[in-house]
Amino acid sequence: MPDRSTARAGQAPPVNGPKDLRNVVLIGPSGVGKTTLAESLALASGATGRAGRVTDGTTVSDHEDIEHQQQRSVQLALLPLEWKGVKINLIDPPGHPDFTADLRAALHAADAAVFVVSATDPVTAPTRALWRECAAEGIPRAIAVAKLDLAHTGFDDILTACHDAFDLGPDTLRPLFLPVLHDGHPDGSVDLLTGDTYGDTDPLPDTAPAHDSLVEAISGQDDTLMERYLSGDPLDTDSLEAGLRREVLSCTLHPAVPTSENGLGAAELLDLIAHTFPDPTERTRPAPACDPDAPLAAQVVRVTGDAYVGRISLLRLYAGTLRPDTRIHLTGTAHTADQNGDERVTALTSPFGKLQRPVPHAVAGDLVCAAKLTTARAGDTVHDPGHPVELDGWTLPEPLLPIAVEAHSKADDDKLSQALARLTAEDPALRLEQNPDTHQLVLWCTGEAHAEVVLDRLRTRHGVHVDTVEPKVALRETFGTAAAGHGRLVKQSGGHGQYAICDLEVEPLPAGSGFEFQEHVVGGAVPKHFIPSVEKGVRAQLAKGVATGHPLVDVRVTLTDGKAHSVDSSDASFQNAAALALRDAAEHAVIRLLEPVAAVSVLLPDDYLGAVLGDLSARRGRVLGSETGGTGLTLLRAEVPELELVRYPVDLRSLTHGTAEFSRAYLRHEPMPAALAERYTD
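Per the working numbering, residue 1404 is the first one in the sequence shown, and the count goes up by one each step.
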């Protein structure tokens, strides 16, 4: 059995250079056992004791209280481990689809992935969606089959189900380790390539067929190895391991490892990561050359807030060496020419759970935390001030669930804006909007779980309590028929009075035309210097509406007649008279309520097409067409009233088990059905 690592718990693993680093992300949906696997890896590496604790009592699963309430991870975690002289930065992002921003950040920062599937249900729709995320990133990956001790299906059958669900080619997915069962439960495993054994392997099963299948898969892409294999020349272990590594790095082979909740597979997986996964110098995706002596080039992966330390930025170094007390420059969307991105790095730390362990420096390829970078945001490039560079970021999910909030008290209101500014800086998936039409403060989130986390952090981190209210939609009014209105303002109470009379004609215009103002006054009934006052009064009333309190649009207003007084007429008088005339015209016309309509695109698995089409129809949606969105995927295009989209992210996720994506964009306002409009009439 291979030797265990001799790393001491509670210490940050040492790094000699990029070749001794592995940056690995654990990928899998909620509930598959990712956290349990991470704890098993930490235990096997010596980073934690049997209770999963490091020297200060922190556990691998120590996170925010909201994670215990939701029973799932809600933020990206980093676990630096040491295994046989190799430092493994294990990045564990949340598996819930609401936290896709953390997943994509982790995929971007990692050089390889361990894709975790549950042996009890390996081919769920969320699992397939996450595999597509990994495939799109082109990241080398192995598959860890978790909960094998709870499965009622054999290891080979599970891999066959994964092969079919992920639409993999021949010889693309092969077991690297074969589980050894005792009374139906896995207690050990055999390395099919080297013959090494782990755990209890007595008696040793027949591994020859699985070994030959693996060797064929490795040799198939290498002419020299294939020639030796076909000629019957025995292939040495070193040649096979080199071939396996080459296939993994090129994403033409995904080795599979059986794991269980009793720790089986942890040492095997660590060996696979250390021996087979790429080091930062072999990164298969675009990045600066991984040279510790080059000018600094790094990227902010995540920003979190700490009650005592302040902001903590997790950095992935691509080039150079970072030390405390170093001046850096930040480049990104939040930094412009008039916003200086120069900062100074104070302390560097390596995180483990809630524990931050000081490190003297970080070299190219490593991940490290820097405190108090006040302007840092996820995706920003960090570089030497004298050597500018800008690294490509990752695509963020569009937050589409609106949560309208109001401060619970005056004290909360005083702190709300600053707290929200900090939250949006830390969470790139959160968008803040002060809606000019509804006058609501709206937090745009990626889903209900994300919204719960945001509200919890407002309360626990920043001491701000808010109340959620129903989000409003920006409705509009328009005239359905032409009408005339008369506005008369005559007030005299000693001294200068108020005198203005306006006659207006109002007619509807085509949708989207806006507002037009004309004057056809004859004989100077309204002096020319008061005509702009009439238009100003009309515009002010348009903004207030005439029937339901919503702005009035798409009308032409014509001033036809009026009267003025040589002393008592004024700008204010004609503004008020014009508003009265417009309201009078509304009483003699049909007023229609307009609702906003959005152009909606939905990308979904074909399995859920019927359910989504039925749901769109129930939302008064008009489906414009569909097209192929990829293997097993359909892209729907539709027009849907925005009133029906307030809860759509939540309902769509429920209908498709979190596998669909959608986007929305304002299209136009159009008349609301009369029966529905009655609910919004004052």
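Even for Gly, the Cβ is constructed at its ideal location relative to N, Cα and C.
* Asked: What are the complete alpha helix (DSSP H) segments, minimum 4 residues, inside the region 2037 to 2069?
  -> 2051 to 2059
* **From P1606, L1628, L1562 and C1693, residue whose alpha carbon lies closest to that of P1658** => The residue given as residue 1658 occupies position 255 in the sequence shown. Considering only alpha carbons, the answer is L1562.
* Close beta carbons around K1550, own chain, < 6 Å, minus the five adjacent residues each side -> Position 147 of the sequence shown, counting from 1, holds the residue named residue 1550. Hits under 6 Å: G1436, S1521, A1522 and T1523.
* Asked: Below 8 Å, can you find three or more Cβ-Cβ pairs linking the region 1779 to 1792 to the region 1814 to 1822?
  -> With a cut-off of 8 Å, the region 1814 to 1822 and the region 1779 to 1792 do not count as touching, because too few Cβ pairs lie within range.
* Kindly indicate which three-state DSSP category R1688 falls into: helix, strand or coil? => The residue given as residue 1688 occupies position 285 in the sequence shown. Here R1688 sits in coil by DSSP.
* To do: Taking the CB atoms as reference points, tell me whether A1810 and C1905 lie closer together than 8 Å.
  => As a working mapping, residue 1810 is identified with position 407 in the sequence shown. As a working mapping, residue 1905 is identified with position 502 in the sequence shown. Cβ atoms of A1810 and C1905: not closer than 8 Å.
* Can you tell me whether DSSP reads K1966 as helix, strand or coil? -> Position 563 of the sequence shown, counted from the start, is the residue given in the question as residue 1966. Three-state result, K1966: strand.
* Asked: Quick one: is T1640 buried, meaning 16 or more other Cβ sit within 10 Å of its Cβ, or exposed?
  -> As a working note, residue 1640 is residue 237 in the sequence shown. It is exposed - the Cβ of T1640 has fewer than 16 other Cβ atoms within 10 Å.
* At what residues does the alpha helix (DSSP H) containing Y1632 begin and finish? -> Looking up residue 1632 in the sequence shown gives position 229. Looking at the DSSP string, the run of the alpha helix (DSSP H) that includes Y1632 is D1626 to L1633.
* To do: Would you mind listing the alpha helix (DSSP H) stretches within the region 1757 to 1832 that are 4+ residues and don't spill past its ends, in chain order?
  => 1813 to 1829
* **Extent of the continuous beta strand (DSSP E) to which A2001 belongs** => If you number the sequence shown from 1, residue 2001 lands on position 598. Element bounds for A2001: I1994 to P2008.
* Asked: Going by DSSP, what residues sit across from Q1901 in a beta bridge?
  -> One-based indexing of the sequence shown puts residue 1901 at position 498. For Q1901, which the question treats as bridged, DSSP gives the partners K1894.
* Smallest Cα separation from Y1721: which of L1794, L1673, F1569 and L1595? -> Taking the first residue of the sequence shown as 1, we reach residue 1721 at position 318. Closest option to Y1721, Cα to Cα, is L1794.
* In the structure shown, what three-state DSSP assignment does V1949 receive? -> Counting from 1 along the sequence shown, the entry for residue 1949 is found at position 546. V1949: coil per DSSP, three-state reduction.
* **D1709 - containing alpha helix (DSSP H), residue span** => On the sequence shown, position 306 is the one that residue 1709 refers to. Counted as a single uninterrupted DSSP element, the stretch harbouring D1709 is not any alpha helix (DSSP H) but the beta strand (DSSP E) occupying residues A1700 to D1709.
* Asked: Apart from the five residues on each side of it in sequence, which residues of its chain come closer than 6 Å, Cβ to Cβ, to S2029?
  -> Here residue 2029 refers to the residue found at position 626 when the sequence shown is read from its first residue. Counting only Cβ-Cβ distances below 6 Å, and skipping sequence neighbours, we find T2037 and L2039.
* To do: Indicate the three-state DSSP secondary structure (helix, strand or coil) for L1644 in the structure shown.
  => Your numbering for residue 1644 matches position 241 in the sequence shown. Residue identity check: residue 1644 is Glu in the sequence provided, not Leu. Of the three classes helix, strand and coil, the one that applies to E1644 here is helix, per DSSP.
* Asked: Using 8 Å as the Cβ pair cut-off and three pairs as the minimum, do the region 1685 to 1692 and the region 1576 to 1590 touch?
  -> no
* Three-way DSSP call (helix, strand, coil) for P1683 in this model -> Residue numbering aside, residue 1683 sits at position 280 when the sequence shown is read from its first letter. Looking at P1683 - three-state DSSP - the assignment turns out to be helix.
* Asked: So what does DSSP say about E1664, is it helix, strand or coil?
  -> Position 261 of the sequence shown, counting from 1, holds the residue named residue 1664. Taken through DSSP and simplified to helix, strand or coil, E1664 comes out as coil.
* Anticipated Cβ contact below 8 Å, G1431 with F1518, distance rounded -> Position 28 of the sequence shown, counted from the first residue, corresponds to residue 1431. Position 115 of the sequence shown, counted from the first residue, corresponds to residue 1518. About 7 Å separates the beta carbon of G1431 from that of F1518, a gap short enough to meet the 8 Å contact definition.
* **6 Å Cβ shell around G1460 - same chain, five flanking residues per side excluded** => To locate residue 1460, count along the sequence shown from 1; it is residue 57. Note that G1460 scores a pLDDT of 49, beneath 50, so its modelled location is shaky and nothing firm can be said.
* Any idea what DSSP makes of F1558, helix, strand or coil? -> Taking the first residue of the sequence shown as position 1, residue 1558 is located at position 155. In this structure, F1558 counts as helix in the three-state DSSP scheme.
* **With 16 other Cβ atoms within 10 Å as the buried cut-off, status of Y2069** => As a first step, residue 2069 is located in the sequence shown; it is residue number 666 there, counting from the start. Answer is exposed; the Cβ neighbour count stays below 16.
* Asked: Under a Cβ-count criterion, where at least 16 other Cβ atoms within 10 Å of its own Cβ denotes burial, should N1419 be classed as buried or exposed?
  -> Sequence index remark: in the sequence shown, residue 1419 carries index 16 (1-based). The residue is exposed, with fewer than 16 neighbouring Cβ atoms inside 10 Å.
* **Distance between C1537 and V1785 (C-alpha atoms, nearest Å)** => Here residue 1785 is taken as the residue at index 382 of the sequence shown, counted from 1. Here residue 1537 is taken as the residue at index 134 of the sequence shown, counted from 1. Roughly 25 Å between the two C-alpha positions.
* Distance CB(V1909)-CB(F1882) smaller than 8 Å -> Here residue 1909 refers to the residue found at position 506 when the sequence shown is read from its first residue. Here residue 1882 refers to the residue found at position 479 when the sequence shown is read from its first residue. With contacts defined as CB atoms closer than 8 Å, V1909 and F1882 qualify as a contacting pair.
* Assign A2077 to one of two classes, buried (16 or more other C-beta atoms within 10 Å of its C-beta) or exposed (fewer than that). => The sequence position of residue 2077 within the sequence shown is 674, counting from 1. Exposed, because fewer than 16 other Cβ atoms sit within 10 Å of the Cβ of A2077.
* To do: Determine whether the Cβ of T1662 lies closer than 8 Å to any Cβ atom of chain B.
  => Of the protein chains in the structure, only one exists, and it is not chain B.
* Tell me, to the nearest whole angstrom, how far the beta carbon of V1428 is from that of L1481; I am working on the premise that it is less than 8 Å. => Along the sequence shown, one-based indexing puts residue 1428 at 25. Along the sequence shown, one-based indexing puts residue 1481 at 78. In fact, because the Cβ distance is near 10 Å, the residues do not count as touching under 8 Å.
* Rounded C-beta distance between M1629 and G1623? I'm assuming under 8 Å. -> For this step, residue 1629 is matched to residue 226 along the sequence shown. For this step, residue 1623 is matched to residue 220 along the sequence shown. With a Cβ gap of about 6 Å, M1629 and G1623 count as contacting.
* To do: Ignore the nearest five residues each way along the sequence and tell me which others in T2059's own chain have a CB closer than 6 Å to its CB.
  => As a position in the sequence shown, residue 2059 is number 656, starting the count at 1. If we look at T2059 and ignore the five residues flanking it on each side, its Cβ neighbours are L2007 and Y2011.
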